Amino acid sequence: MANAKLSADQQDALLKVLQIRFEKNMQRHEGLDWNKIQSKLEANPEKLWSLDEMERTEGEPDVIGFDKKTNEYLFADCSAESPKGRRSVCYDHEALEKRKEHKPQNSAINMAEEMGIEILNEEQYRQLQQLGKFDAKTSSWIKTPSEIRKLGGAVFCDFRYNTVFLYHNGADSYYAARGFRGLLRL
543 MANAKLSADQ QDALLKVLQI RFEKNMQRHE GLDWNKIQSK LEANPEKLWS LDEMERTEGE
603 PDVIGFDKKT NEYLFADCSA ESPKGRRSVC YDHEALEKRK EHKPQNSAIN MAEEMGIEIL
663 NEEQYRQLQQ LGKFDAKTSS WIKTPSEIRK LGGAVFCDFR YNTVFLYHNG ADSYYAARGF
723 RGLLRL
């Protein structure tokens, strides 16, 4: 995040994409006002940069709610499938280092930190599924409870048979159809 700032042209282009997506998918954020969100985005260039990273990796970020306790808008990846630019990654840096052969390029946790976003937890993933059908052909790593991670595992979710499934794998595993979905608080 060293250069976590967009040029004026990049900022304008991203804001247009986000506004179009926002207006096209009002069921995700009923009652929220784009003008207020845009003002807050313009006042937080580092958040705009993170959203651009989400967009660049094909996450199609959109507003999915407002947290009244923290006074924050919530953006999440709303691409139909796990973002293409974030697939084939293991769970975290420890898992990446543990792998001796055929290492993936990166890990989900590393990428999320580099992008300035959080990886969705199980509750957030299930809430996202209330807004549409996501990961019908792919799966997404989710924040793994520490007890599971200490034992070498990690968890992921997908959506099949009209149901959200939670699964486990070794944290060092990676698949072409598994990425991760992020959350950005603004």
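Reminder that position 36 of the sequence shown reads as 578 in the numbering used here, one-by-one numbering, no gaps.
Think of the CB as a built atom: it goes at the ideal place given N, C-alpha and C, for glycine as much as any other residue.
Here the structure is a predicted model, which means the values were calculated and not measured.
Mind checking which residues open and close the beta strand (DSSP E) that includes S624?
S624 -> no beta strand (DSSP E), and no H or E assigned at all.
Start-to-end residues for the beta strand (DSSP E) that takes in S592:
No beta strand (DSSP E) contains S592, which is instead part of the alpha helix (DSSP H) from P587 to R598.
Rounded to whole angstroms, what is the Cα-Cα separation between G627 and N652?
14 Å
C-alpha gap between A544 and E588, whole angstroms
In this prediction, A544 scores a pLDDT of 49, lower than 50, which makes its location untrustworthy; no coordinate-derived value is stated.
Taking Cβ to Cβ, would you say P684 is nearer than 8 Å to L670?
Note that residue 684 is Ile in the sequence shown here, rather than Pro. No, Cβ-Cβ distance for I684 and L670 is not below 8 Å.
Quick one: what does DSSP say R668 is sitting in, helix, strand or coil?
helix
Assuming S624 and G721 are in contact, meaning their beta carbons sit under 8 Å apart, how far apart are those beta carbons, in whole angstroms?
4 Å
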